[in-house]
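A.B. asks:
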Amino acid sequence: MQPRRARLCVSLVSPRNSSDDDEFRRFATAAIAPLGRLAHALCGDRHLAEDLVQTCLIKVHLAWPRIRHPESVDAYVRKVLLRCWLNEQRRPWRRSENRNGELPDAADESADPGRRMGSHDTRELLRLALAEVPPRQRAAVVLRYWSQLSVTETAAAMRCSEGTVKSQAARGVEALRAALQRRGVDDSHAALRSY
């Protein structure tokens, strides 16, 4: 998220109570960049990620006076962001996208999977492959491996059991590997480690 836009977002959602104002402003200013990265990893779209962060901060703002344990704010905010993204996935206009698998008429000449991938190419391939993973599995993979949360923390964020997190993460990793292999990445383990 751009700094100017981040300041605008923070100023729009600052609490009405002046005692909470500085505390929330400091929190939102510090949290906006990591939340943006997490949202982008979940949805793969920078603009949607910005919208998700803004919605998340508004919801946290509304709950800010009720937050009693400041040490658990990060976990709460991750959970709110995840819920916002999952709710966005359920929207009718998301389901109406054309996903019939038809390929465009012309191939992208610059995309040659046989060439050695640089850091940017690897990230782009991973982003595209991650977009093919079903939403719950993608959430489990992103929270477990990208955000490096424990199984217990991921289960709390996803509102499910630890066993569900483990199975969703395992299925998500397999789906991600399959998507990478379809894109011509032979060594999916190396690609995942480089991200």
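Here the numbering used here runs 939 ahead of the position in the sequence shown, where the first position is 1. Where is the CB? At the ideal position from N, CA and C, for every residue including glycine.
With DSSP as the reference, label Ile1006 as helix, strand or coil.
C.D. replies: Three-state result, Ile1006: coil.
A.B. asks: What would DSSP say about Ser1011, mapped onto helix, strand or coil?
C.D. replies: Of the three classes helix, strand and coil, the one that applies to Ser1011 here is helix, per DSSP.
A.B. asks: Using the Cα positions of Arg1055 and Cys982, report the straight-line distance between them to the nearest angstrom.
C.D. replies: Low confidence applies to Arg1055: its pLDDT is 43, below 50, so where it sits in the model is not reliable, and the reading given next is rough at best. Rounded to whole angstroms, Arg1055 to Cys982 spans 26 Å at the Cα level.
A.B. asks: Quick one: give me the first and last residue of the alpha helix (DSSP H) that Arg1116 is part of.
C.D. replies: From DSSP, the alpha helix (DSSP H) with Arg1116 extends over Glu1101 to Arg1121.
A.B. asks: Buried or exposed for Glu989, going by 16 or more other Cβ atoms inside 10 Å?
C.D. replies: Label assigned to Glu989: buried.
A.B. asks: Three-state secondary structure (DSSP) at Arg1022?
C.D. replies: In the structure shown, Arg1022 sits in a helix (DSSP, three-state: H, G or I).
A.B. asks: Within the same chain, show all residues whose beta-carbon is closer than 7 Å to that of Arg985, passing over the 5 residues directly before and after it, in chain order.
C.D. replies: Answer for Arg985: His979, listed in chain order.
A.B. asks: Along the chain, where does the alpha helix (DSSP H) that runs through Val1080 open and close?
C.D. replies: Counting along the chain, the alpha helix (DSSP H) containing Val1080 begins and ends at Pro1074 to Val1080.
A.B. asks: With the cut-off set at 8 Å, would you say Glu1071 and Ala1109 are in Cβ contact?
C.D. replies: No, the pair does not count as a contact, with Cβ atoms beyond the cut-off.
A.B. asks: Three Cβ pairs or more, each shorter than 8 Å: is that satisfied between the segment 1075–1085 and the segment 1060–1067?
C.D. replies: Contact fails: fewer than three Cβ-Cβ distances are below 8 Å.
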